[in-house]
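Student:
Chains as they are written, first to last, in the numbering used here: chain Y, 1204 to 1744; chain D, 9 to 423; chain E, 15 to 349.
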């Protein structure tokens, strides 16, 4: 009786907890509605989804418009393919993608959405090859690669860093004999699509062979363009999702030997170098804003306003541009804008989206260079300003071109950024010399570790291999012009000898283990004083 | 988690009134095994000796014979040597049975230590790495709207994710708890072919992988019905996930309620509904609380249903019905994929907050329903005894009064 | 039969009187209410199951029997199957359970039999609490701490046990001092270890609960007959708790199969069967869904549901198996 009474009295507490939770939830959401209604009625929050390639630029712009104008834009960096799908499904108000819908020669079925849309370029940039390579305990920051070498690396033809093809590109590096770990995107990605378009056009031999290896059927005679990079089991390829994922993997300390393709800004942020890529003029270039701007002068933009692919890019002649400064893997990234009130898009959302577009076409472009992107040229900004006026409900304040302060704009309409781009130094020319200056986010220069001649660099590797000196002795054989000469410092190989701290930590670990295994039985007896009992001391029979 | 209901103190009815509870013989306290193990001096010496031999041997082996660099390798070698030496030492004095006994004891101790250490490490690691972020006050009150990947940790916080988590789980509980408890009562109290079918289906559904709950809501609510990704969609996914868990554990708990209690209630003339409300539910209160809290912990901690249905945002969103709403596990999942140290720290910070939330929930569960039905804490017991005493005194007073009244009636002869 | 004792002139057979229950309106409405709850839950669960089944079958019909044998996952070119992802899921789960089972069994035994009484209550709480830690926390630990620590271990195993086919890593040459350890990252082994840490407390918690119910009388009987402590555990506690051991292990296996984020954060997804569990690259069904749900066309979504259906079916069989074993066992009969 008493027990039941007690419990009956206690029972309502559970009920009360549940009810209070309910009230809390309802209250919070109610409050939120009120505050939102008061705050703003015009700029509705919008949701976007897509490319991680251009996400660093977009996130910066979104933060700026929130800080300055309180326009609430949510952008989920999920990959270009998801961006296009989310827009088509109506789960996103805008999508961001490097490639348009239904791209030619594609492996994937990617049909145009039923909703009305328009493309608009948002920013330019270079797909960089970020890597993590250490020679003799020092980070390499001046790696150079030809397009063919890159193609071989990402199709599994080359699997070691000391391959002759890489050596030929890097005469001053004593490349170690460690496996190359190509890191590719596991999600559907525009960067993958750009790289596969480039591979298909420039190096169909390797790309087709790779298609055969992974069992993909060719499209129109060659291995198709794909957003999902295929990998072969046991080939040492690593797949990660998102630009963040691949860049994060390469940046890990145990990922020595990894290389990935990712937008230049990710390498800058992570503090890692990118490979200089050989262009058609025979120079190795870095995807800086200027080099990208130069390269994209050759991009063919679809200028037929009635085409479904109006403003989309054709980069075929960018890859073969013979300007010394051009970076071959340059491209534009696109936003997919809704042009009709459907799938939950409202006039209020249109206001936000159009104003946001006007912002990043003009002011936003100023920050592109700092972030690791390249600003849009004047013709694309003008075309983009026309595109944002198609957004329903939008009433964007189009600033005059003069007020934009875009670094590419000049009075005569030419691309100022490209015009003023510096020419590469002679040490970046294909040949026996190699610049020592750092690239990407790793600005420190790399000491020369190999020599111009093949034999010497062979000996350098051999020395490293037998475990006495990790760094190859800097050979003076070649008499190299730039880059400081460093005589190799002997590196202790961790296997050979243990330091005092290692001993101490081992001893500590062992002691800890033992302590934990001995302590409980000891503790257990302490309370009962069995230690001192007569029979405790007696020998068992 | 829940102990079966053994009434430790029986309320014995002797002369038609409540007596103070007395321990029942053969159950309760008497049923504790007597301690039978005693550490002997030899054991201690053997352990110490074997440990010394193991350490020394491992130090020699790892430096001179096989090159093992990692502390893990050293510990493993030392441990194996320790076990071997220990076995050898025991075998000098004792028979095989004792050797096996002691060896197994060592192995079991070490398995427990390894697991507990590893789990401690998991928690400590998340807390330590997250400390960079959550030691800043702004981490607890701001959202991430103004914090880009490169901004330092004194800008932005995880409050929006914490709010999102709370809103989502509240809605999920609002649906799952009443529905789950009703169903559990239906299963436990009204057995029929129908309830057996429901029970089978519910048990099958506990096997539903959490990501499929998300996939279901994504395919129906978001893609088929065209709603946007929102906190409410995530709540529904979480509801589908925790509903079978709650029903199943609540059903088990309800079935543990002793039939005698129910029969006693029915025998006093209570209706079935009153019996359940006043006897069955209160008796199983702690178990039900545990069921709900376990479901809540699962629901709070799961990332996958939220990943597919809630969207990701850096803003505060208090409205579960419109716009993306982020939760703590999803924020963790998203942030740690970044190569930026600050973002990773924020992710760890979010994970730490999440763990603290789960710990607090657990503590609440312990406080709200710490003991099984019929088991009382020392204070509770004291209270029950006091109340019993008061009742007894009241009965006494009434009996005396009645006797007096009877006496008075007898003497005065009032009508 | 024997009921006809009335012949002896004794009392009438002790048959219960038929009770006619007349329920009041409150009772009836309560009954209706709870049954409504039951119907709602049944409807909801059936809806989920049916929806998955119907959408999943669409893809399975297109793929045909190759759905179980094809390794690639390219539903848009109609070349897709679960062979690789299913293989990965099962490898990870098996590695996890192989590591978790001894740890969980040891811990449960320790708590019930060896731990000091004062420590016991604390440990029970700790293990139950660990079972509730969100899986993303384990994923973080695996990604940022365990992977780096386990690379030398994997290297060691592959160097000295490489002669066992599944422990070989063909990219790794033990005789090469400069061999890169990156071939050991993001492997099924590491993912399995992370999941093992996650499921071990769950399994330990169930085992502990069952061990604690082993009858005191039998324990003391064994000891009184001269058994050592281990002898007592082996002959009384483990046979009694066998249902708990099997049940806990299988429930852990079920959780391990369905785990998403902890696996997703660690692995490098590939769409091919990788027998070398120490080498980079594996996959799991739930990680596949998490990876591809967003970019899926309606047909690919059907494919993902079909994969999910396969996972669901396996987990369901395991869970029912666990329930069956636990109910048949001595310890499970009570609950």
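Here a beta-carbon is modelled for each residue, glycine too, at the ideal position from N, C-alpha and C.
Assuming contact is defined by CB atoms lying nearer than 7 Å, are residue 1320 (chain Y) and residue 1504 (chain Y) in contact in what I supplied?
Tutor: Here residue 1320 (chain Y) corresponds to residue number 117 of the first chain, with the count starting at 1. Here residue 1504 (chain Y) corresponds to residue number 301 of the first chain, with the count starting at 1. It is not a contact, given that the beta carbons lie outside the stated cut-off.
Student: When burial is assigned at 16 or more other CB atoms within 10 Å of the CB, is residue 236 (chain D) buried or exposed?
Tutor: For the purposes of this step, residue 236 (chain D) is identified with residue 228 of the second chain, where counting begins at 1. Taking all protein chains in view, the Cβ of residue 236 (chain D) is crowded by 16 or more other Cβ atoms within 10 Å, so the residue is classified as buried.
Student: Using CA coordinates, which residue listed in Y:1643, Y:1593, Y:1719 and Y:1648 is at the minimum distance from residue 1450 (chain Y)?
Tutor: Your numbering for residue 1450 (chain Y) matches position 247 in the first chain. Measuring from the Cα of residue 1450 (chain Y), the nearest candidate turns out to be Y:1643.
Student: Where residue 32 (chain D) and residue 208 (chain D) are concerned, what is the direct C-alpha to C-alpha distance, given to the nearest angstrom?
Tutor: Within the second chain, residue 32 (chain D) is the residue found at index 24, counting from 1. Within the second chain, residue 208 (chain D) is the residue found at index 200, counting from 1. For residue 32 (chain D), the pLDDT reaches just 48, beneath the cut-off of 50, and the residue's location in the model is therefore unreliable, although a value from the coordinates is still provided. Between residue 32 (chain D) and residue 208 (chain D), the C-alpha separation is close to 38 Å.
Student: Going along chain D in order, which residues have a C-beta closer than 7 Å to the C-beta of residue 1248 (chain Y)?
Tutor: On the first chain, residue 1248 (chain Y) is found 45 positions in, with the first residue counted as 1. The CB of residue 1248 (chain Y) comes closer than 7 Å to the CB of 331 in chain D, given here in chain order.
Student: For residue 34 (chain E), decide whether its Cβ has a neighbour in chain D, counting only Cβ atoms nearer than 7 Å.
Tutor: Counting from 1 along the third chain, the entry for residue 34 (chain E) is found at position 20. Taking Cβ atoms only, chain D never reaches closer than 7 Å to residue 34 (chain E), which makes this a no.
Student: Is there a Cβ of chain Y sitting closer than 7 Å to that of residue 133 (chain D), yes or no?
Tutor: Residue numbering aside, residue 133 (chain D) sits at position 125 when the second chain is read from its first letter. Taking Cβ atoms only, chain Y never reaches closer than 7 Å to residue 133 (chain D), which makes this a no.
Student: Can you confirm whether residue 196 (chain E), when its beta carbon is compared against all beta carbons of chain D, has any partner nearer than 7 Å?
Tutor: Taking the third chain and counting its residues from 1, the one referred to as residue 196 (chain E) is at position 182. Answer no: the Cβ-Cβ gap between residue 196 (chain E) and chain D never drops below 7 Å.
Student: Please go through the segment 1548-1621 of chain Y and give each complete alpha helix (DSSP H) segment of 4 or more residues, from N-terminal end onward.
Tutor: 1550-1565, 1571-1574 and 1581-1591
Student: Run through chain D and tell me which residues come within less than 7 Å of residue 123 (chain E), C-beta to C-beta.
Tutor: If you number the third chain from 1, residue 123 (chain E) lands on position 109. Those are 116, listed as they occur along chain D.
Student: Among the candidates D:107, D:50, D:66 and D:398, whose CA atom is the shortest distance from the CA of residue 245 (chain E)?
Tutor: Here the question's residue 245 (chain E) lines up with position 231 in the third chain. Of the candidates D:107, D:50, D:66 and D:398, the one whose C-alpha sits nearest the C-alpha of residue 245 (chain E) is D:107.
Student: Within 7 Å of any Cβ in chain Y, is that where the Cβ of residue 283 (chain E) sits?
Tutor: The count along the third chain starts at 1 and reaches residue 283 (chain E) at position 269. For residue 283 (chain E), the answer is yes, since a Cβ of chain Y falls inside 7 Å of its Cβ.
Student: Would residue 109 (chain D) count as contacting chain E if we go by Cβ distances under 7 Å?
Tutor: As a first step, residue 109 (chain D) must be located in the second chain, where it is residue number 101. Put simply, the CB of residue 109 (chain D) is near chain E, with a gap under 7 Å to one of its CB atoms.
Student: Tell me where the beta strand (DSSP E) around residue 1191 (chain Y) begins and ends.
Tutor: The question about residue 1191 (chain Y) has no answer here: the residues shown for chain Y are numbered 1204 through 1744.
Student: If we cut at 7 Å on Cβ distances, does residue 183 (chain D) have a partner in chain C?
Tutor: Reference to chain C is not applicable here, since the protein chains of this structure are Y, D and E.
Student: Heavy atom of the ligand HEM less than 6 Å from the Cβ of residue 91 (chain D), yes or no?
Tutor: With respect to small molecules bound, the structure shown includes none, and the ligand HEM cannot be examined in it.
Student: Can you tell me where the beta strand (DSSP E) with residue 1540 (chain Y) in it begins and where it stops?
Tutor: The count along the first chain starts at 1 and reaches residue 1540 (chain Y) at position 337. 1533-1541 is the extent of the beta strand (DSSP E) around residue 1540 (chain Y).
Student: Between which two residues does the alpha helix (DSSP H) carrying residue 1480 (chain Y) extend?
Tutor: The residue given as residue 1480 (chain Y) occupies position 277 in the first chain. Segment 1479-1481 is the beta strand (DSSP E) holding residue 1480 (chain Y); no alpha helix (DSSP H) there.
Student: Whose Cβ in chain Y lies nearer than 8 Å to the Cβ of residue 348 (chain D)?
Tutor: Numbered from its first residue, the second chain carries residue 348 (chain D) at position 340. In chain order: 1472 and 1473.
Student: Counting C-beta neighbours from all protein chains within 10 Å, is the total for residue 196 (chain E) 16 or more, i.e. buried, or is it exposed?
Tutor: Walking along the third chain from the start, residue 196 (chain E) turns up at place 182. By the 10 Å Cβ count, residue 196 (chain E) comes out buried.
Student: Measure the beta-carbon distance from residue 1251 (chain Y) to residue 1293 (chain Y) and round it to whole angstroms, keeping in mind my assumption that it falls under 8 Å.
Tutor: Along the first chain, read from residue 1 onward, the residue named residue 1251 (chain Y) stands at position 48. Along the first chain, read from residue 1 onward, the residue named residue 1293 (chain Y) stands at position 90. Actually they do not touch by this definition, with Cβ atoms about 13 Å apart.
Student: Please report the Cβ distance between residue 162 (chain E) and residue 280 (chain E), rounded to the nearest whole angstrom; I am assuming they are in contact, meaning their Cβ atoms lie under 8 Å.
Tutor: By one-based count along the third chain, residue 162 (chain E) stands at place 148. By one-based count along the third chain, residue 280 (chain E) stands at place 266. Not a contact, Cβ separation roughly 12 Å.
Student: Step through the CB atoms of chain D and report whether any lies within less than 7 Å of the CB of residue 275 (chain E).
Tutor: Translated into positions along the third chain, residue 275 (chain E) becomes position 261. Chain D places a beta carbon closer than 7 Å to that of residue 275 (chain E), counting this residue as a contact.
Student: So with Cβ pairs under 7 Å, would you call residue 425 (chain D) a contact of chain Y?
Tutor: Missing from the structure shown is residue 425 (chain D); chain D here goes from 9 to 423 and no further.
Student: Need the endpoints of the alpha helix (DSSP H) that residue 337 (chain D) sits in, please.
Tutor: Translated into positions along the second chain, residue 337 (chain D) becomes position 329. Per DSSP, the unbroken alpha helix (DSSP H) holding residue 337 (chain D) starts and ends at 336-343.
Student: Could you check whether residue 358 (chain D) and residue 153 (chain D) sit closer than 7 Å to each other, using their CB atoms as the reference points?
Tutor: On the second chain, residue 153 (chain D) is found 145 positions in, with the first residue counted as 1. On the second chain, residue 358 (chain D) is found 350 positions in, with the first residue counted as 1. In this structure, residue 358 (chain D) does not lie closer than 7 Å to residue 153 (chain D) by Cβ.
Student: Evaluate residue 172 (chain E) with the Cβ neighbour count: other Cβ atoms within 10 Å of its Cβ, from every protein chain shown; 16 or more gives buried, anything less gives exposed.
Tutor: For the purposes of this step, residue 172 (chain E) is taken as the residue at position 158 of the third chain. Buried, since its Cβ has 16 or more Cβ neighbours within 10 Å.
Student: Kindly list, in the order they appear in chain D, the residues whose Cβ is closer than 8 Å to that of residue 60 (chain E).
Tutor: As a first step, residue 60 (chain E) must be located in the third chain, where it is residue number 46. Correct list: 209.
Student: With DSSP collapsed to three states, give me the class of residue 1323 (chain Y).
Tutor: Residue mapping note: residue 1323 (chain Y) aligns to position 120 of the first chain, counting from 1. Three-state DSSP puts residue 1323 (chain Y) in a strand.
Student: Give me the residue from D:53, D:130, D:65 and D:70 with the minimum Cα distance to residue 101 (chain D).
Tutor: Within the second chain, residue 101 (chain D) is the residue found at index 93, counting from 1. Measuring from the Cα of residue 101 (chain D), the nearest candidate turns out to be D:53.
Student: Please tell me whether residue 1280 (chain Y) and residue 1260 (chain Y) are closer than 7 Å, where the distance is taken between their beta carbons.
Tutor: As a working mapping, residue 1280 (chain Y) is identified with position 77 in the first chain. As a working mapping, residue 1260 (chain Y) is identified with position 57 in the first chain. No, Cβ-Cβ distance for residue 1280 (chain Y) and residue 1260 (chain Y) is not below 7 Å.
Student: My output table needs one value for residue 166 (chain D): the three-state DSSP class, helix, strand or coil.
Tutor: Position 158 of the second chain, counted from the first residue, corresponds to residue 166 (chain D). In this structure, residue 166 (chain D) counts as coil in the three-state DSSP scheme.
Student: If you draw a straight line from the alpha carbon of residue 1676 (chain Y) to that of residue 1648 (chain Y), how long is it in whole angstroms?
Tutor: In the first chain, residue 1676 (chain Y) corresponds to position 473, counting from 1. In the first chain, residue 1648 (chain Y) corresponds to position 445, counting from 1. Summary for residue 1676 (chain Y): the model assigns pLDDT 36, below 50, so the residue's position carries little reliability, and this model does not support an answer.
Student: Got a sec? Which residues, its chain only, sit under 7 Å from residue 255 (chain E) by beta carbon, not counting five neighbours each side?
Tutor: As a working note, residue 255 (chain E) is residue 241 in the third chain. So the qualifying residues of the chain are 221, 224, 225, 228 and 345.
Student: At the 7 Å Cβ level, is residue 1277 (chain Y) part of the contact set with chain D, yes or no?
Tutor: Counted from its first residue, the first chain places residue 1277 (chain Y) at position 74. Chain D contact via Cβ: present.
Student: So which residues of chain E does residue 1458 (chain Y) contact, with C-beta pairs closer than 8 Å?
Tutor: Position 255 of the first chain, counted from the first residue, corresponds to residue 1458 (chain Y). Result: 196 and 199.
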